[in-house]
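There are 2 protein chains.
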Amino acid sequence: MIYASILGYGTVGAGVYQVLTMNADAIARRAGDEIRVKYVLDLREFPGDPVMEVLTHNYQDILDDPEVSIVVETMGGLRPAYQFTKSALLAGKSVCTSNKELVAEHGVELREIAREKNINYLFEASCGGGIPIIHALDNALTADEIESVTGIVNGTTNYILTQMAESGTAFETALREAQAKGFAELHPEADIEGHDAQRKLAILSTMAYHKHISYRNIYTEGISAVETEDIAYARAMGLKIKLLACSKRTEEGIWAMVAPMLVGSDNMLYHVDGVLNAICVHGNALGDGMFYGSGAGRMPTASAVAGDVVTAARHLGRTILSDWSSEETELLSTDDVPHAFFVRFAGTKAEAAEVFGDVPTVVLPDMPGEIGVMTEVMTEAAFRVIASGTRKILKCIRRA
Amino acid sequence: MIYASILGYGTVGAGVYQVLTMNADAIARRAGDEIRVKYVLDLREFPGDPVMEVLTHNYQDILDDPEVSIVVETMGGLRPAYQFTKSALLAGKSVCTSNKELVAEHGVELREIAREKNINYLFEASCGGGIPIIHALDNALTADEIESVTGIVNGTTNYILTQMAESGTAFETALREAQAKGFAELHPEADIEGHDAQRKLAILSTMAYHKHISYRNIYTEGISAVETEDIAYARAMGLKIKLLACSKRTEEGIWAMVAPMLVGSDNMLYHVDGVLNAICVHGNALGDGMFYGSGAGRMPTASAVAGDVVTAARHLGRTILSDWSSEETELLSTDDVPHAFFVRFAGTKAEAAEVFGDVPTVVLPDMPGEIGVMTEVMTEAAFRVIASGTRKILKCIRRA
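Chains as they are written, first to last, in this note's numbering: chain V, 1 to 400; chain X, 1 to 400.
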């Protein structure tokens, strides 16, 4: 018998409890032993819920119980999740988490403790919900040098952008609709301003390049500035606007960026709509691969956490974590990152040609006084120089 | 130092050698130790190739060398691959393979030997080339009960069907073109008649449901009967024809089928074109997930095999293989499998309605004397009963 405990009986925590119960037989066969939840920590009471039999309000009960070898942290936030996780690891208990804030902030330190203690700190659910991308990077694509990661890793913004594209809804309306459907939070800034994607990109890039990449250094734009007009231009060009989280390893180093970008139908990410997520990786042997699925939601997220519990159970007393330098890697400036830029330009085709040269333009009948221009591929710095020489740029969006 | 040996220096074997050399530093960090190829077995000579330094013509050199702890089998075929693999496992050496014929035929027995010997028999590359689907099923999606698997797992047929759809090419022409480009073999029966997909589906289903499923029992149709006219109907309905390998676990048991099917654009598999592969899985907690990438080719396949070598190196002397019943599971008859059927019908809409009821029809201007009919969803058996009552069915294709 292997004993686990769950910290936090919220949406994900209760989902993990449900998965471990519902699929107990299959899980026991795959883990090699039965996994039983001995405690669930929550400050609340849940009258009538069977969880009451294992509920505790005191973390010390779990920490002090030598039988508990796996702790599931589904509290979210940094405090007290950080202290609880660290003390569990120091006590020799493997920890499985869905807490992306904590992983992005302290993951490298916590993983290092786990390695030293010969146990595991696992966080499959921190990126892409149920999509097993962390496991793939950590355990399957291990013979490759990963050269780039590009993903749609935030379901809220993808839902909003999909609604705007399919129904012509304005951003604010699509956001309210997403909130009404439970796809966006009451305080949606972390999602719509790209901070959630930024954290996930830091985690994915750290796993992909085996270097400690801090989310703070990732250039990030959200989608709140995306207008109905931008979507109309995108459609006219056969493109979609997606909030992409991208990073790339070059000979000079690594760059990373979160921003709304224009994506063509030859890119599989074009077809990822609604709340779904997908992550593309490019490896020097693998070539291109993509992982697609539900990036959030109670059961998909619980599936990932419970999968980590099985992994932890299979490898009790044995770390399976890759070795990385815990020293923070400085990211390259985005100045040298190359993209084509789509520009909404308040002028004529001739005036645009003076600024951008002979490049494709698109004119929408119901948008007088402006044209759309797709520049050649150039660096961010080069684009800024060009842009600083004109006052006619209304908006620019990168072409992925 | 961990010593590996490669059996067979063909396309994939040479690719594995290349990946292990090219990414040696990264691989050593992830495996926890340097991995060196001590022998490469091949009957041929390779004058001028550095492989000559480690080339042997005698398998016994490898089998008898206690330093060799990992054997890579990239010979293909059943003989002598089966004997070589079995003797390596019995000698306590983990084996990593790309040989889908061998895995489909003897995988359950070989895996059982590996489990008993506390080593590993790994075959990521046997399905989906570089796509880490086996690893995901075996090690990541371990808290889920997988309920279905649906994939495009053969690049040759997907390339041919894509060419037929995009260029209106006839099957024979598209096949010859694929052969000219190296995407189809000179003797392409295994691919175009679905036997390759059948083997892969058996392996994937065995991994997904943790039951021994024999490829022999899987109902299989290839694509050689797909006509330009079928593709034209598909396009008119906004659908594509894909060779799908599907299996599903129901309360009664498991069914499995390989057949060309009509797929709509709401299904991510619709967007998988050319030689690319993708596998969708549905788990009872996960929901839907998809894994996409290169299903064949020297480097993607070598990436998967070399990833398995890293896994074997990380877990020397410790099996990480799931437990399944080695007893063969009988598949359900496909009689009860439900689909809608697209039927090319040699008659009028009124005549079709007499047979199929009031269902959607499509008339193509350049196909006189017939109409297309999409039936309601019904079982295979029910469809056969209806079909036996008319002589006007020219062709039928299942709707996925």
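From the three backbone atoms N, C-alpha and C, an ideal C-beta is built for every residue, glycine too. Since this is a predicted model, take the numbers as computed values, not measurements.
(request) Output the distance between the C-alpha atoms of Val226(X) and Ser303(X), rounded to the nearest integer angstrom. (result) To locate residue 226(X), count along the second sequence from 1; it is residue 226. To locate residue 303(X), count along the second sequence from 1; it is residue 303. One C-alpha to the other measures close to 33 Å.
(request) Please state whether DSSP places Asp335(X) in a helix, a strand or coil. (result) Along the second sequence, one-based indexing puts residue 335(X) at 335. Asp335(X) falls in the helix class under three-state DSSP.
(message) Comparing C-alpha positions only, which one of Ile6(V), Gly107(V), Thr74(V) and Ile397(V) sits nearest to Val51(V)?
(response) Within the first sequence, residue 51(V) is the residue found at index 51, counting from 1. Comparing Cα positions, the closest option is Ile6(V).
(message) When you compare the CB of Glu73(X) with every CB in chain V, is at least one pair closer than 9 Å?
(response) Translated into the one-based positions of the second sequence, residue 73(X) becomes position 73. Interface annotation, Glu73(X): not in contact with chain V, CB-CB separation never under 9 Å.
(message) According to DSSP, Glu328(X) sits in a beta bridge with which residue or residues?
(response) The residue labelled residue 328(X) in the question sits at position 328 within the second sequence. In DSSP, Glu328(X) forms a bridge with His212(X).
(request) Indicate whether the contact test is met: 3 or more Cβ pairs, each with one atom in the region 284–293 of chain X and one in the region 75–82 of chain X, closer than 8 Å. (result) With the rule of 3 Cβ pairs closer than 8 Å, the region 284–293 of chain X does not count as touching the region 75–82 of chain X.
(message) Counting only C-beta atoms, is Thr142(X) closer than 9 Å to chain V at any point?
(response) The sequence position of residue 142(X) within the second sequence is 142, counting from 1. With 9 Å as the cut-off, Thr142(X) counts as an interface residue toward chain V.
(request) Would you list, in sequence order, the uninterrupted alpha helix (DSSP H) runs of no fewer than 4 residues that lie entirely inside the region 173–256 of chain X? (result) Entirely contained in the region 173–256 of chain X, the alpha helix (DSSP H) runs reaching 4 residues are, in chain order, 189–192, 195–209 and 228–236.
(request) Count the C-beta pairs between the region 121–139 of chain X and the region 254–274 of chain X that are closer than 8 Å, then say yes if the count reaches three, no if not. (result) As far as the Cβ criterion goes, the region 121–139 of chain X does not touch the region 254–274 of chain X, which means the pair count is below three.
(message) Just verifying my parser: in three-state terms, what is the DSSP assignment at Leu7(V)?
(response) Your numbering for residue 7(V) matches position 7 in the first sequence. Shown here, Leu7(V) sits in a strand according to DSSP, grouped into three states.
(message) Less than 9 Å between the beta carbons of Ile133(X) and Phe383(X), yes or no?
(response) In the second sequence, residue 133(X) corresponds to position 133, counting from 1. In the second sequence, residue 383(X) corresponds to position 383, counting from 1. Their beta carbons are not under 9 Å apart, which means Ile133(X) does not touch Phe383(X) by this criterion.
(request) Measure from the C-beta of Phe183(V) to each C-beta in chain X and report whether the shortest distance is under 9 Å. (result) Reading the first sequence from its first residue, position 183 is the one you call residue 183(V). In terms of beta-carbon proximity, Phe183(V) stays away from the interface with chain X, with every pair separated by 9 Å or more.
(message) Using beta carbons (cut-off 9 Å, strictly below), is Ala31(V) in contact with chain X?
(response) As a position in the first sequence, residue 31(V) is number 31, starting the count at 1. Residue-level contact check: Ala31(V) touches chain X, since one or more beta carbons of chain X fall below 9 Å from its beta carbon.
(request) Could you pull the start and end residues of the alpha helix (DSSP H) that Met299(X) belongs to? (result) Locating residue 299(X) in the second sequence gives position 299, counting from the first residue. Per DSSP, Met299(X) belongs to the alpha helix (DSSP H) from Arg298 to Arg314.
(request) Might you give, ordered along the chain, the residues of its own chain that have their beta carbon closer than 6 Å to the beta carbon of Asp335(X), omitting 5 neighbours on each side? (result) The sequence position of residue 335(X) within the second sequence is 335, counting from 1. For Asp335(X), where only same-chain residues beyond five positions count, the Cβ hits under 6 Å are Glu380 and Ala381.
(request) From the DSSP output, in three-state form, read off Asn154(X) for me. (result) As a first step, residue 154(X) must be located in the second sequence, where it is residue number 154. Look at Asn154(X) here: in three-state DSSP terms it is coil, with no helix or strand label.
(request) Can you say whether Pro300(X) is buried or exposed, counting buried as having 16 or more other CB atoms within 10 angstroms of its CB? (result) Taking the second sequence and counting its residues from 1, the one referred to as residue 300(X) is at position 300. Counting Cβ neighbours within 10 Å, Pro300(X) comes out buried, since at least 16 surround it.
(message) In whole angstroms, give me the CA-to-CA distance for Ala91(X) and Ala14(V).
(response) Locating residue 91(X) in the second sequence gives position 91, counting from the first residue. Locating residue 14(V) in the first sequence gives position 14, counting from the first residue. The straight-line gap from Cα to Cα measures roughly 46 Å.
(message) At a threshold of 8 Å, does Leu137(X) count as lining the ligand PLP (C-beta to nearest heavy atom)?
(response) Among the components of this structure there are no ligands whatsoever, and the ligand PLP is therefore not found.
(message) Could you check whether the Cβ of Arg318(V) sits closer than 9 Å to any Cβ belonging to chain X?
(response) If you number the first sequence from 1, residue 318(V) lands on position 318. Yes, because at least one Cβ of chain X sits closer than 9 Å to the Cβ of Arg318(V).
(message) Counting C-beta neighbours from all protein chains within 10 Å, is the total for Arg391(V) 16 or more, i.e. buried, or is it exposed?
(response) Within the first sequence, residue 391(V) is the residue found at index 391, counting from 1. Here Arg391(V) is exposed. Its C-beta has fewer than 16 other C-beta atoms within 10 Å.
(request) Quick one: grab the DSSP three-state call for Phe342(V). (result) By 1-based counting over the first sequence, the position of residue 342(V) is 342. Secondary structure of Phe342(V) (DSSP, three-state): strand.
(request) Could you tell me whether any Cβ in chain X is nearer than 9 Å to the Cβ of Met1(V)? (result) Position 1 of the first sequence, counted from the first residue, corresponds to residue 1(V). With a threshold of 9 Å between beta carbons, Met1(V) makes no contact with chain X.
(request) Starting from the beta carbon of Glu34(X), find every residue of chain V whose beta carbon is closer than 9 Å, and list them in chain order. (result) Working through the second sequence from its first residue, we reach residue 34(X) at position 34. Chain-order list of chain V residues neighbouring Glu34(X): empty, with the shortest C-beta distance near 13 Å, by a criterion of under 9 Å.
(request) Quick one: measure Cβ to Cβ for Gly357(V) and Glu328(V), integer angstroms, because I've assumed they're closer than 8 Å. (result) The residue given as residue 357(V) occupies position 357 in the first sequence. The residue given as residue 328(V) occupies position 328 in the first sequence. Contact between Gly357(V) and Glu328(V) does not hold, since their C-beta atoms are separated by about 40 Å, which reaches or exceeds 8 Å.
(message) Determine whether the beta carbon atoms of Val281(V) and Ser148(V) lie at a separation below 9 Å.
(response) The count along the first sequence starts at 1 and reaches residue 281(V) at position 281. The count along the first sequence starts at 1 and reaches residue 148(V) at position 148. In this structure, Val281(V) lies near Ser148(V), with their beta-carbon atoms less than 9 Å apart.
(message) Pop quiz: Val68(X) and Tyr3(X) are said to be a contact at Cβ under 8 Å. What is the actual Cβ separation, rounded to whole angstroms?
(response) Along the second sequence, read from residue 1 onward, the residue named residue 68(X) stands at position 68. Along the second sequence, read from residue 1 onward, the residue named residue 3(X) stands at position 3. The distance from the Cβ of Val68(X) to that of Tyr3(X) is about 5 Å, consistent with a contact at the 8 Å cut-off.
(request) Go through the region 364–397 of chain V residue by residue and report every complete run of the beta strand (DSSP E) that reaches 3 residues or more, in order. (result) Here the runs fully enclosed are 371–374.
(message) Under DSSP, the beta strand (DSSP E) around Ser98(V) begins and ends at which residues?
(response) Residue mapping note: residue 98(V) aligns to position 98 of the first sequence, counting from 1. Run containing Ser98(V): none; DSSP gives neither H nor E here.
(message) Among the candidates Ile223(X), Ala180(X), Met367(X) and Ala346(X), whose CA atom is the shortest distance from the CA of Leu394(X)?
(response) Reading the second sequence from its first residue, position 394 is the one you call residue 394(X). Residue Ala346(X) is the option with its Cα nearest to Leu394(X).
(request) Would you mind telling me which residues of chain V sit closer than 9 Å to Ser247(X), beta carbon to beta carbon, in chain order? (result) As a working note, residue 247(X) is residue 247 in the second sequence. What Ser247(X) touches in chain V: nothing, since even the nearest Cβ is about 17 Å away.
(message) Let me see if you follow: with CB-CB separation under 9 Å, is Ala306(X) close to chain V or not?
(response) Position 306 of the second sequence, counted from the first residue, corresponds to residue 306(X). The C-beta of Ala306(X) comes closer than 9 Å to at least one C-beta of chain V.
(message) Along the chain, where does the beta strand (DSSP E) containing Ala278(X) start, and where does it finish?
(response) Reading the second sequence from its first residue, position 278 is the one you call residue 278(X). Per DSSP, Ala278(X) is one residue of the beta strand (DSSP E) stretching across Leu276 to Gly283.
(request) Measure the Cβ-Cβ separation of Arg314(V) and Ile320(X) and say whether it is below 9 Å. (result) Indexing the first sequence from 1 puts residue 314(V) at position 314. Indexing the second sequence from 1 puts residue 320(X) at position 320. Yes. Within cutoff.
(request) Check whether the Cβ atoms of Val309(V) and Ala31(V) lie closer than 9 Å to each other. (result) Position 309 of the first sequence holds residue 309(V). Position 31 of the first sequence holds residue 31(V). Pairing Val309(V) with Ala31(V) gives a Cβ-Cβ distance under 9 Å.
(request) Give me the Cβ distance between Asp33(V) and Met1(V), rounded to the nearest whole Å; I'm assuming they're in contact under 8 Å. (result) As a working note, residue 33(V) is residue 33 in the first sequence. As a working note, residue 1(V) is residue 1 in the first sequence. Confirmed, about 6 Å.
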